[in-house]
Amino acid sequence: MKTKKVKFIKLAAAFAVIALSVLFWFIANKLYSENYIENLEENCTGISDLSNYIDYNMLSSDMKKYISERDFKFSTDEEKYEFCNKYRSLNYIYDARGNWKNIYPTDKMGNLFDILKEDITVNGTTYTIYVSLIFKTRPFLTTQIVDLDTGITVKQA
């Protein structure tokens, strides 16, 4: 009888450790993503600075079907114009399936909408462009871009 109790206690302890580990894993992933977004919001200075915070590998596999790695650059006004112009009609909408807990859209967060909107001049014409990103918490302390929207309009003088 005593050996059954010992086995039961060991089994219960093992399950408790596993449950706490899973809980810790979920909390760590969420905190990592929140910290990542907070860092982006506090330190990103504009679309040109995005390459210091995001890269092509962060795109979800669905997004990679639409966006080429060759186009994923934002350093110069010409690159920003080409990217925003090419992907402004991207007809992709991320389906969160009702679970928006671990989703972070830049156009709904503090200063990021204004930071990721700027005026550029290409070939003598001034444009207002914006980039909107939707980040999602992913396993193993990673953040993924699950949706992207761009816009471009000619700025009136």
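Letter 96 of the sequence shown, counting from 1, is numbered 163 in this note's numbering, and no numbers are missing.
Quick reminder that beta carbons are idealized off the backbone N, C-alpha and C, glycines included.
Taking the continuous alpha helix (DSSP H) assigned at residue i, which residues delimit it?
i           : result
residue 286 : Given that the chain is displayed from residue 68 to residue 224, the structure contains no residue 286 and the question cannot be resolved.
residue 87  : 69-110
residue 171 : Counting along the chain, residue 171 falls outside any alpha helix (DSSP H), though it belongs to the beta strand (DSSP E) covering 170-172.
Could you give the C-beta distance for residue i and residue j, rounded to a whole number, given that I count them as a contact under 8 Å?
i           : j           : result
residue 169 : residue 204 : 4 Å
residue 212 : residue 196 : Not a contact, Cβ separation roughly 18 Å.
residue 99  : residue 107 : The Cβ separation is near 13 Å, so there is no contact.
residue 144 : residue 189 : 5 Å
Please work out which residues of its chain come closer than 7 Å, Cβ to Cβ, to residue i, disregarding the five sequence neighbours upstream and downstream, and give them in chain order.
i           : result
residue 173 : 179, 180, 183, 199 and 200
residue 206 : 96
residue 153 : 138
residue 141 : 114, 115, 117, 118, 147 and 150
residue 127 : 211, 212 and 213
Spatial neighbours of residue i within its chain, please: C-beta separation below 6 Å, excluding the five flanking residues on both sides.
i           : result
residue 123 : 136 and 139
residue 171 : 104 and 202
Mind checking which residues open and close the beta strand (DSSP E) that includes residue i?
i           : result
residue 219 : 209-221
residue 200 : 192-205
residue 33  : This structure does not reach residue 33, given that the chain is present from 68 up to 224, and the question cannot be answered.
Select from the options the residue whose C-alpha is nearest the C-alpha of residue i.
i           : options               : result
residue 133 : 217, 125, 152 and 159 : 159
residue 216 : 202, 99, 222 and 71   : 202
residue 214 : 190, 155 and 70       : 155
residue 130 : 141, 78, 161 and 146  : 161
residue 223 : 208, 209 and 187      : 187
residue 210 : 110, 101, 191 and 157 : 101
For residue i, which of helix, strand or coil comes out of DSSP?
i           : result
residue 117 : helix
residue 126 : strand
residue 158 : coil
residue 152 : helix
Skipping 5 residues on each side, what residues in its chain have a beta carbon closer than 8 Å to that of residue i?
i           : result
residue 176 : 104 and 108
residue 157 : 133, 134, 215, 216 and 217
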